[in-house]
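I have placed the structure first, in the form of structure tokens, so that the comments after it can refer back to it.
Numbering (our numbering), first residue to last: 8 to 414.
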């Protein structure tokens, strides 16, 4: 089961992509130019030629075409010390739009994101248990309303929909307190296809924790050769893997399935092997709160009651121990540059989990491996839906052909 800039000092080595002036490469060169402008914020046509390796003439032709298409826009000219004024070119925020949807075991979210990856509008809905038909109907209603508010001209620039969803949503119902059979309808419900049929917009699917990992990569680290393990602490714990600057999904799209990591050896004195999700998932703390009449919102308070603080401290200790074990195992296999820890939890709780994980890491025998640096993710609860919204952008504009396989 797999449920999809960090503050670290490592920045990685820039990967240098070069364009081609040969005929038949226009599509790639356009993607490359857009990628470089996104990376640098704004560039002049002369700068674009130098960075991409395209001739000044080719660079100018492509830039003008992208401006005409509404994907790029000119900024105010800047006068240099010598020569003619320099006119920077940047992405046009209204050049394209994308929907990002995150479906989880406790909530669903919709983001509308513009071409600069800014959230234009968002909607969310919480529930006790995830049931496909009510979620699908809510999504259709809200997507329709958002498109109507966007207007005809801008809605014509919607590229598609990205869907971030845990794989095997029907499993582990007992861990979230769902009645028997409540989640079974997910087995035969293809939400991605239903959304596509209803909206007629290209719809892309990625595991929710991998989508969160993609958001960190794309917004903070893309274009580097960094390799890192991504840990996302939500209702269930999940993970993702970035290898040499690229999201690694594995043969079934399930790479980084930290929730399913066994905690003990089978047949050990502790009994049969449980899974990491049983100890390192926010779900167990939510269930405790519900059982003791404590609202889940109280967990976001910085000064909880003694009883709540005691339970939170115990949960953090158990979660940190499991996460530390997962990090050591991941480092032994993958030899990463560092580890990114993010969460839907309030920041002060996320920082406490990270601090406890650091302390626990120091207790493990790390002979034979390099100790990984643990850093905090920056996107928090937005990571999964935002990562989903990036899928249509990558399918249409990424210069990395490997990115097209995500859909």
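Where a beta carbon is used, it is the ideal one built from N, C-alpha and C, also for glycine.
According to DSSP, which residues form a beta bridge with residue i?
{"i": "residue 82", "result": "Answer is none; residue 82 lacks a bridge partner."}
{"i": "residue 375", "result": "Answer is none; residue 375 lacks a bridge partner."}
{"i": "residue 236", "result": "248, 346"}
{"i": "residue 255", "result": "248"}
{"i": "residue 118", "result": "107, 129"}
{"i": "residue 49", "result": "97"}
{"i": "residue 64", "result": "None, per the DSSP bridge assignment."}
Tell me whether the beta-carbon of residue i lies closer than 7 Å to the beta-carbon of residue j.
{"i": "residue 396", "j": "residue 48", "result": "no"}
{"i": "residue 349", "j": "residue 300", "result": "no"}
{"i": "residue 333", "j": "residue 265", "result": "yes"}
{"i": "residue 113", "j": "residue 242", "result": "yes"}
{"i": "residue 39", "j": "residue 59", "result": "yes"}
{"i": "residue 399", "j": "residue 105", "result": "yes"}
{"i": "residue 46", "j": "residue 69", "result": "no"}
{"i": "residue 247", "j": "residue 260", "result": "no"}
{"i": "residue 268", "j": "residue 254", "result": "no"}
{"i": "residue 288", "j": "residue 244", "result": "yes"}
{"i": "residue 318", "j": "residue 295", "result": "yes"}
{"i": "residue 183", "j": "residue 290", "result": "yes"}
{"i": "residue 381", "j": "residue 365", "result": "yes"}
Among the residues of its own chain, which have a CB less than 6 Å from the CB of residue i, if the five just before and after it don't count?
{"i": "residue 323", "result": "359, 360, 363"}
{"i": "residue 2", "result": "Nothing can be reported for residue 2: it is not among the residues displayed for the chain, which extend from 8 to 414."}
{"i": "residue 344", "result": "17, 233, 234, 235"}
{"i": "residue 190", "result": "177, 180"}
{"i": "residue 29", "result": "Per-residue confidence for residue 29 stands at a pLDDT of 47, beneath the threshold of 50, marking its modelled position as unreliable; the derived number appears in the next sentence. Same-chain partners within the cutoff: there are none."}
{"i": "residue 357", "result": "350"}
{"i": "residue 331", "result": "364, 367, 368"}
{"i": "residue 407", "result": "none"}
{"i": "residue 376", "result": "338, 339"}
Here's a check: name, in chain order, each residue in its chain whose Cβ is nearer than 8 Å to the Cβ of residue i, leaving out the five neighbours to either side.
{"i": "residue 129", "result": "116, 117, 118, 119, 392"}
{"i": "residue 286", "result": "270, 325, 326, 328, 329"}
{"i": "residue 101", "result": "77, 121, 122, 161, 164"}
{"i": "residue 222", "result": "386, 389, 390, 391, 393, 394, 397"}
{"i": "residue 187", "result": "180"}
{"i": "residue 98", "result": "41, 44, 45, 78, 79, 80, 122, 123"}
{"i": "residue 250", "result": "234, 341"}
{"i": "residue 63", "result": "52, 53, 56"}
Who are the near neighbours of residue i in its chain, counting only those whose CB is closer than 7 Å to its CB and skipping five residues on each side?
{"i": "residue 67", "result": "52"}
{"i": "residue 95", "result": "49, 50, 51, 82, 85"}
{"i": "residue 379", "result": "334, 338, 343, 345, 346"}
{"i": "residue 1", "result": "Residue 1 is absent from the model: the chain starts at 8 and stops at 414."}
{"i": "residue 202", "result": "146, 168, 170, 210"}
{"i": "residue 133", "result": "113, 114"}
{"i": "residue 374", "result": "none"}
Using beta carbons (cut-off 7 Å, strictly below), is residue i in contact with chain C?
{"i": "residue 326", "result": "Given the protein chain composition of this structure (a single chain), no chain C is represented."}
Using 8 Å as the cut-off, can you tell me whether the region 363–373 makes contact with the region 193–208, which would need three or more C-beta pairs spanning the two stretches below that distance? no
Start-end ranges of the alpha helix (DSSP H) lying completely within the region 140–226, minimum 4 residues: 159–162, 198–206, 215–223
Can you find at least 3 beta carbon pairs, one from the region 67–86 and one from the region 137–151, that sit closer than 8 Å? no
For the 8 Å Cβ check, are there 3 or more pairs between the region 68–76 and the region 133–142? no
Whole beta strand (DSSP E) runs in the region 89–116 with 3 or more residues, listed along the chain? 96–98, 104–110
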